[in-house]
Every structure is written in C-alpha cells, then in structure tokens.
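Using the working numbering, you'd call the opening residue of the sequence shown number 24 and step up by one each time.
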Amino acid sequence: MIYNANLSTVVMRDTPDEYGEVVNELLYGEKLELINDNGQWGRVRSLHDHYEGFVLMNSLKFHKDKTHKIFVPHSHIYAAPNFKTDPIQSLYFQSQVSATEERQNGFIKLDTGGWVFETHLMPIDGAMIDHASTAHMFAHAPYIWGGRSIAGIDCSGLVQVCMMAKGISAPRDSGPQCEQLGGLVSDGSVQRGDIVFFEGHVGIMLDESHIINATSRHMRCVIEPLQSVESAYKGIKAIRRV
C-alpha cells in the first residue's frame, strides 16, 4: 500500500521502537510503500531512493498525487491566508503538497485546507539546475545524523536533496552515491558543482577551492577550504561531476 509522509519530517529508524537508530527522514508528502506493520510501527520503503526502515504509522497518510513542491529552505502551512496568523506546520525544501485553484492574499489553498505562500512553491516536475546554489541554501543548518532538511541534515542528505531538486534520483548514503552519481573525474581537477567524496563523507564544491559539507566536525553545514576537509578525512576518495 502506498502512503505519503504526513509530518514536516518523518523519522525512519532501524528498529520498530523509539530507541532505534535514526537512519533517514522523509519530508512531508514524500511517497513510500508500506511493507508491513504492527499497528504502531510500519516497515516502509521510500519510493524515491528505495531506502527501508521503520516509521510510526500515525505519521503517514494514504497516498494522493502531489502538484507542487517547496523550493525555499523553510515554509509553513497556515490555517488562513494571512501572514499574521499562526503557522500550523513547517514545510521544508522539497516537501510535496497538493494545491487547489483557490488563491487569496498571495497564498494558495491546499487540498488539506491549509494555505501556503504561493511563491514558495514550484510545479512538482520543476527543476533547480544549479545544485551548488541549492547547497548554499543549507549553509549553517545544524548537522543531524539521518537528516534531510534545513532543521538538520547530514552529508549525504545534503547531496541527495540537491540532486532531487535538480531532477536526479540519488542514493541516500555516500557510498552508493560515490558509485552512481555523475561521471568520475580522473585528472583530480575540481570545479563548481563537483561532488567530492572522502572516506565516509561527501560535499559539494562551490568553486575551485571551497566546499560545502554537513559535518559532525562542526555539527553544522559549513563552507570551508577543500584542503581542510581533505586533511580532516585523510585524502579525497573520488570526484564526480553531474
């Protein structure tokens, strides 16, 4: 059975209990397949990257096709089309929603009854081509293992959501990303947009000498010299160009 994530972020764990290690998170509206459940916890498979884990069943909703996605780092659903009202839910970059034709005061109504500021949305099949600029939006975001949003993100999560915005389906973890994304750069040169892999780590080049990476070394997403990251991780494993 197919569901959508129905919270701002849905935590995916490696075991069906609250003490399980966080292995991933799903963004609002993302599509997933329910493999089985025990009433409280469900084993699910993300239909974006086929990642599997356990989520709380009350964080899911039966699937409905989405029309738009969020293309700003952080937006909100409001109860009314008025910026002075309290937001009722956060929506993070690449969250997916179903919009109606009803518009007021710059807001568009969702099929759930809430309202989102319309210029925060793009069509579901739209693409943001410059993934280096996309990555830059996450500068200073806190580092959270398994995270994929501006509220907390890890190294491979940053790469994955930037590729998602570009229209490229990327694996969730840095190991498979290193094998599958783009083409291998064999001459050691780097340029803006290159994805640089280290042992257990990955980042995106913003120019020929600076890289943005979500790292536990700083517990946030930082821009720093490539040389510093190379030294911290004892060398570059691979450079790939998409």
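Quick reminder that beta carbons are idealized off the backbone N, C-alpha and C, glycines included. All values reported here derive from a predicted model rather than from experimental measurement.
If you check the CB distance, S192 and H71 come in under 8 Å. In the three-state scheme derived from DSSP, where H, G and I count as helix and E and B as strand, S192 is classed as coil. Between the C-alpha atoms of V245 and A162 there is a straight-line separation of about 6 Å. Collapsing the DSSP output to three states places T157 in a helix. The stretch 26-39 and the stretch 169-177 touch, with no fewer than 3 CB-CB distances between them shorter than 8 Å. From the listed residues F85, F94, T38, the smallest Cα separation to E75 is found for T38.
Secondary structure at S172: strand, using DSSP grouped into helix, strand and coil. In this structure, H143 lies near V95, with their beta-carbon atoms less than 8 Å apart. Counting only unbroken stretches of 3 or more residues, the beta strand (DSSP E) elements lying wholly within the stretch 192-225 are 218-221, in sequence order.
Taking a 10 Å sphere around the C-beta of T108, we find fewer than 16 other C-beta atoms and assign the residue as exposed. With respect to the C-alpha of I58, the residue from L114, L181, R68 having the closest C-alpha is R68. Residue pairing by DSSP places M35 opposite N47 in a beta bridge. The C-alpha of A150 is placed about 28 Å away from the C-alpha of P248.
Only residues of its own chain outside the window of five on either side were considered, and among them G205, G206, V208, D217 have a CB closer than 6 Å to the CB of R264, listed in chain order.
Assignment of beta-bridge partners to E247 by DSSP yields I234. Closest option to E125, judged by alpha-carbon separation, among H97, G136, S113: G136. Closest by C-alpha distance to A102, out of Q119, Q127, G65, is Q127. Straight-line measurement puts the Cα of H159 at about 34 Å from the Cα of M80. Ranking V182, P104, A164, D210 by CA distance to the CA of Q203 puts V182 first. Sequence-distant Cβ neighbours of H224 in its own chain, meaning closer than 6 Å and more than five residues away, are C178, Y256.
When the beta-carbon positions are compared, R36 and F85 stay at least 8 Å from each other.
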